[in-house]
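Each remark here refers to the structure printed beneath this line.
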Amino acid sequence: MRVVVAGGKLQGIEAAYLARQAGWSVLLIDRNPSAPARGLSDQFCQLDIVEDADKLERLIKSADFIIPAIEDQAVLSCLDRTANSVGVPIACDLPSYTITSSKKSSDKLFMENQIPAPQYWPHCEFPVIAKPSGLSGSMGVKKILNERELALFLDSEDYKRDEYVIQEFLEGESYSLEVIGCPGSYVPL
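In terms of this note's numbering, the sequence shown opens at residue 75 and continues consecutively.
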């Protein structure tokens, strides 16, 4: 089995490691020549996926499937388009990614399906959490304790540059659910 892992940071390290543990041959693609996952792959190709779609197509033609290990809409769109054009399966559903990569879109989905979620400011008390809508995990997240801190944040360059979601802070553990599958067969991890 030959798999292409696109992206060589943390997610790429995990994907390359697990693929190798499964006995698969791994081709890692990353624009960074020093990608951390490089040492875990059988082959490495330095490539800007968006800028060189022709080379990408040549590289993935012989793969059994592609594992995107990157959270960049332009890169994922290019990978998806190229994979579909050469008939290689890709372990990513772009419409789902588009929703789950946006905190605003995810919250809208929760509301539409009556799934409880933290209240938006100003319909909640302090402390609040300010989160960039389109960044992954805890990147750019700020805990705001009071009105003064909120006023400073709303006047900051961070707030002006990125689209933020401001919600009530919920104390406690954080959980993540990952699911892998294909139509008709899904497994929570």
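For every residue, glycine included, the Cβ atom is placed at its ideal position computed from N, Cα and C.
(request) Look at Ala191 and Asp181 and say whether their C-beta atoms are less than 7 Å apart. (result) yes
Original post:
Which residue from Ala157, Val202, Asp128, Asp116 puts its Cα closest to that of Gly97?
Top reply: Asp116
### Query
Out of curiosity, what's the CA-to-CA distance linking Arg222 and Glu247?
27 Å
task = Work out the CA separation of Leu226 and Phe139 for me, nearest whole Å.
result = Cα to Cα, Phe139 sits roughly 47 Å from Leu226.
Are there 16 or more other CB atoms within 10 angstroms of the CB of Ile189, so buried, or fewer, so exposed? exposed
- Message: Going by C-alpha to C-alpha distance, which of Ala127, Val162, Val202, Leu133 sits closest to Phe118?
- Response: Leu133
Notebook entry, point to check: With distances taken from CA atoms, which of Glu242, Gln193, Cys198 is nearest Lys216?
Noted result: With distances taken between CA atoms, Lys216 lies nearest to Glu242 out of Glu242, Gln193, Cys198.
Handout entry: Length at least 4, wholly inside the stretch 94–175: the alpha helix (DSSP H) runs in chain order
Key = 127–134, 147–160, 168–174
Report task. Might you give, ordered along the chain, the residues of its own chain that have their beta carbon closer than 7 Å to the beta carbon of Ala127, omitting 5 neighbours on each side? Result -> Cys152, Thr156
**Asked** Residues in its own chain within less than 7 Å of Pro21 by CB, not counting five upstream and five downstream?
**Response** Outside the displayed range of the chain (75 to 263) lies residue 21, so it cannot be described from this structure.
*Environment of Ser159 [buried if 16+ CB atoms lie within 10 Å]*: exposed
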